Amino acid sequence: MKLKRYSVLCAVLALGLMFCGAAAAVPEDTITVGMAADAKSLDPQMTNDTTSSTYMIQMYEPLIEIGSDKKLLPCLAESWKQLDDLTYEITLRKGVKFHNGAEVTADDAVFTLNRMTTPAAAAVKSYGANIDASGLKVVDRYTFQVKASSPMAGFLSYLTHSSAYILCKAAVEAAGDDYAKHPIGTGPFKFVEMLKGDHVSYERFEDYWGTKPRYKKLLIRTIPEATSRVIELETGNVDIAYAIPNNDFKRLQDEGKVAVYNKPGLSITYMGFNTQTPPFDNPKVRKAITIAIDREGALDVVYKGLGRVPTSPLIPVNNYFPDPVPVEYDPDKAEKMLEEAGVKDLEFTIYTNENKQRKDYAEVIQAMLGDLGITVKIQVLEWGTFLEQLKGGKLPVFMIGWAADNVNPDPDAYIKAAMHSKFAGPSNRVWLKDALVDELLDKGTVTPDGPERAEIYKKFCDRVNELNPWCYLAIADTLYGANKNLKGVENFYRGSINRLDRIYYE
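Just add 479 to wherever you are in the sequence shown, counting from 1, and you've got this note's numbering.
Take a look at the structure:
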């Protein structure tokens, strides 16, 4: 097996030189963050992507949140109790204000949760499906009831998701289809403006119910080029830079001019196959392509070993995460499987977004599969366009991530939306439609925590691995950098989806 092209590519990708500059002065009243991509939307029920969530968490809040210890904590909800197998009664904090000055009431909470269940909120269909809209009921100004669509072991944890950020009913109804341009939340920062391709700006909400940020303004800049993000960090033009390239991480760490952080990853990067599109509707073809890729070697090349190769659709933060198994790499077996499937002269395009690691990994795959006589092309799409194409089932092969939005350990909250047939399109991006997968996921939803539930998710992982709709590529470590004098950034535990009101300069 010749790996000449792969070896040359490895050498090219290993070169990651960076220019450094003197640190600029940081305005004391503004924190600036460098992000790789725009928010697709600032309406939490119109999108379900990690990038948008990073922007939205600064100005919205859920009823309940999950702490670093994975336990449920009150947020806009002061307390809650379960009335029966399906019904929960939730009491809101009194005196909490939206950014337009209106008080948060049970009407707003019921409106928000009901909106999740409507066709307009198709992007978060998997979360809205957990709620029986007929059971939403206002009890009094600060108390309401919500009914689960079926008994669910982790129902309250679903209310921590960005799709359940509480919206101002009056503001949404007044703005109509333009709401995402004028978002109103309850969070520590309120929206000022969004300039696509450039930035989203916020200002401190002076009537915030909790502890107010120590600084006045927050600016999240869109800086797609990873090299540019690092330069902006080194020169002091941004205070925080997300998605530090693996090539630069060790250099920045050794030089010590900025602080860099390495946290366990909360996202699987995978190459997905549209399981309804020939020849990728054949599991044997999907498996052959997967085992033809030296994914452990690619992890070292693309991620500099900062991460792990997954062997299941669940990630370590999930309950019932299965024991890792050896990563299969067998190009000869892959060739035989393609022959058995009757596939000759295979040619396809890998679609992905502007993420540097994904582009680099696509090039590694292109080289590896090229050595097997498989022609691979690569097309990079703008993030919003990429997601729309995926939702419409128009991309036969693509590279993306599936992230734990809020470190929710419940596997149902993490993986059901990505694999159940009823969510094909918006979140089940591989359009997987398998009766056994659906059955196991449905059982996992309603079964209480314990050995029986553990066995269900073991069988689920085994079945998904058999079908191979995802070619698991990496659980990359979360890498980010910050000004050395910025405090609080060391406590980030949610990938890039972190509240930035708790950071400060001394």
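Each residue gets a CB set at the ideal place from its N, CA and C atoms; glycine is no exception. As the structure is a computational prediction, the values presented were derived from the model and not from experiment.
With a threshold of 6 Å on Cβ separation, who are the neighbours of residue i within its own chain once the five nearest residues in sequence on each side are excluded?
i      : result
Ile853 : Leu825
Asn964 : Tyr984
Asn962 : Asp718
Gln858 : Thr828 and Tyr830
Ala722 : Ala515
Lys783 : Asn725
Leu646 : Thr591
Leu869 : Arg908
Val916 : Met898 and Arg942
Leu549 : Rather than Leu, the amino acid found at residue 549 in this sequence is Lys. These residues qualify, in order along the chain: Pro888.
Which residues in the same chain have their Cβ closer than 7 Å to the Cβ of residue i, if we skip the five residues on either side of it in sequence?
i      : result
Ser547 : Tyr972
Phe827 : Val855, Pro875 and Val876
Pro890 : Leu793, Asn797, Asn798, Tyr799, Gly923 and Tyr936
Val603 : Gln524, Asn527, Met595 and Ser642
Ala649 : Ala581
Thr597 : none
Asn970 : none
Ala601 : Pro905
Lys616 : Phe623 and Gln624
Run through the DSSP bridge pairs and tell me what residue i is partnered with.
i      : result
Cys950 : Met750
His899 : Note: His899 sits in no beta bridge, so no partner.
Phe670 : Tyr681
Tyr658 : According to DSSP, Tyr658 bridges with nothing at all.
Val796 : Val796 pairs with nothing; no bridge assigned.
Val459 : Not covered by the structure: residue 459. The range shown for the chain is 480 to 985.
Gln561 : Tyr567
Tyr830 : Gln858 and Phe877
Leu551 : Ile545
Glu582 : Lys576
Gly786 : Ala955
Ala556 : Leu571
In whole angstroms, what is the alpha-carbon distance linking residue i and residue j?
i      : j      : result
Leu860 : Thr570 : 44 Å
Glu685 : Lys691 : 7 Å
Lys669 : Leu946 : 45 Å
Asp733 : Ala882 : 30 Å
Ser791 : Glu819 : 25 Å
Tyr951 : Thr769 : 8 Å
Gly614 : Ser605 : 18 Å
Tyr808 : Val968 : 38 Å
Leu697 : Leu635 : 31 Å
Met847 : Ser641 : 38 Å
Arg981 : His661 : 24 Å
Arg932 : Thr926 : 6 Å
Asn716 : Tyr694 : 17 Å
Gly676 : Asp956 : 26 Å
Leu712 : Gln836 : 19 Å
Gly620 : Asp587 : A small correction: the amino acid at residue 620 is Arg; Gly does not occupy that position in the sequence shown. Taking the straight line from one Cα to the other gives about 10 Å.
Asp510 : Leu674 : Sequence check: residue 510 is Ile here, not Asp. Roughly 17 Å separates the two Cα atoms.
Ile894 : Ala653 : 35 Å
Asp811 : Lys823 : 15 Å
Gly960 : Gly513 : 10 Å
Lys560 : Leu638 : 14 Å
Val505 : Leu958 : No answer about Val505 holds up, because its pLDDT of 46 lies below 50 and its placement is not dependable.
Ala841 : Met878 : 8 Å
Phe728 : Ala720 : 12 Å
Gly880 : Ala953 : 9 Å
Ser558 : Lys763 : 51 Å
Ile543 : Leu785 : 32 Å
Gln755 : Pro801 : 28 Å
Gln537 : Ser746 : 21 Å
Within a Cβ cutoff of 8 Å, which residues of the same chain sit near residue i, ignoring the five residues on either side of it in sequence?
i      : result
Trp688 : Arg572, Gly574, Val575, Lys576 and Thr665
Asp913 : Ser900, Arg942 and Leu946
Pro703 : Ala515, Ala516 and Glu833
Lys966 : Ile982, Tyr983, Tyr984 and Glu985
Ile844 : Met750, Ile772, Ala777, Ile829 and Val855
Glu775 : Val788, Val806 and Tyr808
message: Three Cβ pairs or more, each shorter than 8 Å: is that satisfied between the segment 606–615 and the segment 625–641?
response: Remark: three or more beta-carbon pairs, one from each stretch, lie closer than 8 Å, so the segment 606–615 and the segment 625–641 are flagged as touching.
query: Is there contact between the segment 918–933 and the segment 733–740, where contact requires at least three CB pairs shorter than 8 Å?
result: no
- request: Let me know the beta strand (DSSP E) ranges lying completely inside the segment 899–985, each 3 residues or longer, listed in chain order.
  value: 949–955 and 957–961
message: Assess contact between the segment 525–545 and the segment 974–982, defined as three or more Cβ pairs (one per stretch) separated by less than 8 Å. Is contact present?
response: yes
query: What beta strand (DSSP E) runs, 3 residues minimum, are completely inside the segment 689–754?
result: With a minimum length of 3 residues, the continuous beta strand (DSSP E) runs that stay inside the segment 689–754 are 696–701, 719–721, 738–742 and 746–752.
- prompt: What beta strand (DSSP E) runs, 3 residues minimum, are completely inside the segment 852–902?
  reply: 854–859 and 876–882
message: Between the segment 614–628 and the segment 508–526, can you find at least three pairs of beta-carbon atoms closer than 8 Å?
response: At 8 Å Cβ cutoff, the stretches do not touch.
query: Do three or more CB pairs link the segment 673–684 to the segment 583–599 at distances below 8 Å?
result: no
message: What ranges does the alpha helix (DSSP H) occupy inside the segment 601–659, keeping only unbroken runs of at least 4 residues that lie completely in it?
response: 604–607, 634–637 and 648–654
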